[in-house]
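Numbering (our numbering), first residue to last: -17 to 167.
Note sheet for the following structure.
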Ligand SMILES: [Zn+2]
């Protein structure tokens, strides 16, 4: 396998507070020595990221076998986060819990709505079962989830981030809901 990432996305950050929260979390990560404050070309597909710091192991499970080989990309602005190259096969309605396969009829509807969300900041897709208009970020997914957020911390080629670390990072986000995604390319 090639490159692997792990993302902690803040589902409640808005365009107005994403940059402030990104600065707060990055300052904490640098103070802890998890990453370095200065940015270098260290993440795939992005010009700059924060390379691992001297205490990167504070972020990961104890049973790591290889140190991180790349850095942290901090995303601010509307971003659709995926679980890697494979997209979900089904969408789950948060209202009625119906699981709807993402077939050739439904994918284009979601795709258009995702683009509208990216451009305009809001879009809905009607649930095929209960007909409720569901906002794009509120949909849930099968075991290859997506997340639509204004803020995300994307660690490239790191050992598994520990639950403790994820919880500590989340406490800096003003009580916002977060989601953890991982995948590879
Ligand atoms: Zn529904």
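Every residue, glycine too, gets a C-beta built ideally from N, C-alpha and C.
- For residue 12, same chain residues with a beta-carbon under 8 angstroms away, outside a window of 5 residues either side, are 18, 19, 32, 35 in chain order.
- Within the same chain, and ignoring the five residues on either side of residue 25 in sequence, the residues whose Cβ sits closer than 8 angstroms to its Cβ are 31, 52, 53, 54, 55, 136, 138.
- The Cβ atoms of residue 4 and residue 133 sit closer than 7 angstroms to each other.
- About 18 angstroms separates the beta carbon of residue -9 from that of residue 105, a gap too long to meet the 8 angstroms contact definition.
- Residue environment: residue 111 is assigned as exposed (fewer than 16 neighbouring CB atoms within 10 Å of its CB, all protein chains considered).
- Using a Cβ distance threshold of 7 angstroms, residue 166 and residue 66 count as a contacting pair.
- When DSSP states are grouped into helix, strand and coil, residue 156 belongs to the coil group.
- DSSP places residue 149 within a helical segment (H, G or I) once states are collapsed to three.
- In the three-state DSSP reduction, residue 73 falls in the strand class (E or B).
- Contiguous alpha helix (DSSP H) elements confined to the segment 64 to 130 occur at 88 to 102, taking only those with 4 or more residues.
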